[in-house]
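So for the sequence shown, our numbering puts the first residue at 2; every next one is plus one.
C-beta atoms are modelled at their ideal positions from N, C-alpha and C, and glycine is treated no differently.
A quick write-up on the structure given underneath.
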Amino acid sequence: MNKNYLIGSCIRLLLLIVFLNTTIVSFGQTELPLTAVQEQYANNKEATFVHTDKEAYLAGEIVWYKIYLLNTIGYTTANYNTIVYIELVNDKGAAVLQSKVELKKGLGSGSLYLPVTINTGAYTLISYTSQMKNGDPKLFFRKRVVITNALSANGSVLAASNNNAIVNFFPEGGDLIEGLITKVGVQVLDPGATKGIQAIGYILENETDTVARFETAKFGLGQFTYTPHSGKRYTAVVTVGNKAPVKTGLPTQKLNGHTISVTDAGKDAYKIIVSAQRAAPQKMYLVAHSDQTNKMAVEFDMDADNSFAYNVDKSRLGTGIIYFTLFNQHWQPVSERLVFIPQELPVTGVKISTEKNIFAGRENAPIELEPLQASGNSGVINASLSVYATDTNGSSAGTIHDYLLLTRHLAGKIEAPEFYFTPEAQQGNYIDNLMLVNGWRRFNTATTTGKKPVALPEYNGHIITARITNTWTNKPEADAACFLTVPSVPFGLFNGTSDAAGMVRFNITRYYGPGDIFIKPFPTGNNADTYRIDIISPFADSTSKIFYQPGFYLNPADSVELLKRSIAMQAQNIYNQDKLNRFLIPSYKDTLPFYDKPEITYLLDNYKRFSTMEEVLREYVTPINVVVRDKKLKMTFYDEKNQTVYRYAALVLLDGVPLADYNSIFNYDPFKVKQLDVIPRRFVIGSAVYSGIASFQTYDSKFNGFELDPSAIPIDYEGLELKREFFSPEYATNKGDLRIPDYRTTLLWNPDIRFAGNKKQQISCFTSDYTGTYKIVLQGITEDGKPVYGESTFKVDK
2 MNKNYLIGSC
12 IRLLLLIVFL
22 NTTIVSFGQT
32 ELPLTAVQEQ
42 YANNKEATFV
52 HTDKEAYLAG
62 EIVWYKIYLL
72 NTIGYTTANY
82 NTIVYIELVN
92 DKGAAVLQSK
102 VELKKGLGSG
112 SLYLPVTINT
122 GAYTLISYTS
132 QMKNGDPKLF
142 FRKRVVITNA
152 LSANGSVLAA
162 SNNNAIVNFF
172 PEGGDLIEGL
182 ITKVGVQVLD
192 PGATKGIQAI
202 GYILENETDT
212 VARFETAKFG
222 LGQFTYTPHS
232 GKRYTAVVTV
242 GNKAPVKTGL
252 PTQKLNGHTI
262 SVTDAGKDAY
272 KIIVSAQRAA
282 PQKMYLVAHS
292 DQTNKMAVEF
302 DMDADNSFAY
312 NVDKSRLGTG
322 IIYFTLFNQH
332 WQPVSERLVF
342 IPQELPVTGV
352 KISTEKNIFA
362 GRENAPIELE
372 PLQASGNSGV
382 INASLSVYAT
392 DTNGSSAGTI
402 HDYLLLTRHL
412 AGKIEAPEFY
422 FTPEAQQGNY
432 IDNLMLVNGW
442 RRFNTATTTG
452 KKPVALPEYN
462 GHIITARITN
472 TWTNKPEADA
482 ACFLTVPSVP
492 FGLFNGTSDA
502 AGMVRFNITR
512 YYGPGDIFIK
522 PFPTGNNADT
532 YRIDIISPFA
542 DSTSKIFYQP
552 GFYLNPADSV
562 ELLKRSIAMQ
572 AQNIYNQDKL
582 NRFLIPSYKD
592 TLPFYDKPEI
602 TYLLDNYKRF
612 STMEEVLREY
622 VTPINVVVRD
632 KKLKMTFYDE
642 KNQTVYRYAA
652 LVLLDGVPLA
662 DYNSIFNYDP
672 FKVKQLDVIP
682 RRFVIGSAVY
692 SGIASFQTYD
702 SKFNGFELDP
712 SAIPIDYEGL
722 ELKREFFSPE
732 YATNKGDLRI
742 PDYRTTLLWN
752 PDIRFAGNKK
762 QQISCFTSDY
772 TGTYKIVLQG
782 ITEDGKPVYG
792 ESTFKVDK
């Protein structure tokens, strides 16, 4: 037996051992009907997009915004939720500002004042509906907002003293598994600008052997492949330009588990390989899905140490972001990979033009808007328009097109998202790098089906949720009937009954701005002291709001511009404080309380005033009888139509708040009462029947009868956001009082632009004393779901 034969036999034996231990199978799979897996994971049926007036702010300025609530299929405006929640969140997931915004036909707008105490930093503006809280919080709208506090050094961050590049690694599918070859995405960022930079690097095993090399391409993104082994440590050595190399560790590999790998198998297909190492043998499921649409579902058997390969035609997947999610036998997601197939969705452009490129201060700079309709559009466009001074700290405005088709699915900050729709991006690994780095996420098993939604859709107004606890047993109280009152004119009275978990929900309408609400048990035989009532915040849990944002560092070179903007902000707040804080009070067509038009109304100033409530009710309130029983004053109702006296429980309200002991109203000062409404008939509310209603309204309509009902505890609760008026002076005939500075940096904000057809619109825009380059940005959506974008610039000189 010769030497070559021995070597050849050894090689063949070695290959056989490798093959037996890492078998790739492509048989045994079963395609499942798409309807069978439609509910196996939670996805949102809707998406929100927020257009803000600019990208960077100072503490003390106002953030103006327009919200678009869209269906994820077709991107038409969604009408089934009427409330959107918006928050400004810091890097620890804590909400700095929160608001509840009312929508009409899927559109809404508002503003947030940035307090002068807010710290300098990179924040995340998020928005979502109540229903979206049941899904993956990573699908909330997210936008990076840079805020600088020029009035305080507290929290300010100067340019990074550490010049080392920021290096991040993202294993394909989420995990590194010992013994499984894995593709890893690389991201290298400039610590000062938080933008991607070119770098080269290599991976060391136990600080000695080089097992992989990589080089980042556009935006600091790249990839490499290696196989982690048991007991080994892996370190990356990264070099940026002429700087000293940076060493950083790779994510720790796991002993067992599954990986998923997706590669482009050519023009028409993707190849998916699912691998297992020391995992429990089981049936598994691979599902390709996008938004609410399943594209492909496969069931297969997976052994402890083998791989499963599957080819899927791209034609089955459609376009946009496609999720390949791997589920275990219990339909729990264990790994996920995203791919992006650019969509040929036409953008409806809007041509924006001005009369000239340079304007003087306090001059009319009319803006002409001309929609350039793409074929197939309905011709109706809802849009918002902003004109603002550019800032070195502000990134380019992300377009609604890029957001809907790409960035809303991805976890990280996307640099130049418009690039990924170009022919150049189709070449090389640009898109694959983006999916590896920014598409990587941990699938939250709590969002899978089988969990009862805790947040209901808000079809008609805001839903206030409270938990009812029995103070004797300290357990949730089921079937507790409660009232919620909003003292106002007209007051709001709403009823609800707690479920098995003690949760009671009230569908509230016509409640805006700050104020107090009252939640009380029905004033029946129940003792109010038996219950403890806790309001549940309608905003997303803080653990759902930790979104990674690259740090923000102040550049000393920007100090002159920063000082200029700070002076402008302070001048505006000093000279125009009242004009910046004007709010629109909603008007109601229906101003009647819950009992509709009362049968009898008494305006007490039209009658002789008496010093006691007993005299008032005896002398001229004929439907109410006053009797004495057990040496106490009692109230009964007389139904004149049926000639019946009702002696059982009445519903007595003071500014809409039900009194636990309705006869306590005899102790109230009648000189505080402006009006009394009486319903001398039996009235049913929920499960309770009342002999009649007596509603007392004070002059200020603010409940102050705490001595009558100690259980009436006001709860400070912010209603829906009041709309602030956008202040913009007009200089049509003159330049106004030149002694009063006009340093507006947002010249125009109009959230209610609407086009019908190709008709041009001209909008007045008056410049300020603040010189510099101004950007005009229009964002919107057509009624048939086509994104709309347009931009232009001009300058203001003295």
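When DSSP reads this structure, P372 sits in a beta bridge with V351. Straight across, the Cα-Cα distance linking A689 with G514 is about 31 Å.
Taking 7 Å as the cut-off, the beta carbon of S702 is found closer than this to the beta carbon of D656. For N496, DSSP records a beta bridge to F484. K580 and W750 have their C-alpha atoms spaced approximately 15 Å apart. In the same chain as E103, and ignoring 5 residues on each side of it, the C-beta atoms closer than 7 Å to its own belong to T83, I84, G109 and L721, in chain order.
In chain order, K255, G258, T260 and Q278 place their CB closer than 6 Å to the CB of I178, counting only its own chain and leaving out the 5 sequence neighbours on each side. Setting aside the 5 residues that flank it on each side, A572 is surrounded in the same chain by P742 and Y744, each with a C-beta closer than 6 Å to its C-beta; the list follows chain order. For T249, DSSP records a beta bridge to A237.
Burial is judged here by how many other beta carbons sit within 10 angstroms of a residue's own beta carbon; N91 has at least 16 and is buried. Secondary structure of K144 (DSSP, three-state): strand.
Under DSSP, E216 shares a beta bridge with I201. In this structure, Y691 is the residue among F523, Y691 and I601 with its C-alpha nearest to the C-alpha of M636. Straight through space, the alpha carbons of Y460 and G687 are spaced by roughly 20 Å. Note that the C-beta distance between N439 and I469 is not below 7 Å. In this structure Q283 is in contact with Q330, their Cβ atoms being roughly 4 Å apart against a cut-off of 8 Å. Below 8 Å, enough C-beta pairs join the stretch 467 to 483 and the stretch 492 to 509 to call them touching: three or more. The three-state secondary structure of Q132, taken from DSSP, is helix. Beta-bridge analysis with DSSP links G122 to I148. Assignment of L222 by DSSP, reduced to helix, strand and coil, places it in the strand class. Between the alpha carbons of A569 and Y771 lies a gap of roughly 7 Å. If you draw a straight line from the Cα of Y129 to the Cα of V778, it is about 23 Å long. By the 16-neighbour rule on beta-carbons within 10 angstroms, A245 is exposed. The three-state secondary structure of F672, taken from DSSP, is helix. For the stretch 683 to 763, the continuous beta strand (DSSP E) assignments of 3+ residues that do not extend past its boundaries occur at 684 to 686, 689 to 691, 694 to 699 and 747 to 757, in sequence order. Spatial neighbours of M614 in its own chain (CB-CB distance under 7 Å, excluding positions within 5 residues in sequence) are listed in chain order as I666, F667, Y669 and P671. Boundaries for Y324: no alpha helix (DSSP H) harbours it, while the beta strand (DSSP E) harbouring it runs G321 to F328, taken from the DSSP string.
In the assembly as shown, I68 is a buried residue. Its beta-carbon has 16 or more other beta-carbons within 10 Å.
The distance from the Cβ of G111 to that of Y66 is about 6 Å, consistent with a contact at the 8 Å cut-off. The residues I353 and I777, in chain order, have a CB closer than 6 Å to that of S793 in the same chain once the five nearest residues on each side in sequence are set aside. Taking C-beta atoms as the reference points, G223 and S336 fail to come closer than 7 Å.
Looking at K760, F50 and G516, the one whose alpha-carbon comes closest to that of T400 is F50.
In this chain, the alpha helix (DSSP H) harbouring R566 covers S560 to Y576. Counted as a single uninterrupted DSSP element, the beta strand (DSSP E) harbouring Y58 occupies residues A57 to L59. Secondary structure of S385 (DSSP, three-state): strand. Here F360 is near T768, since their CB atoms are less than 7 Å apart.
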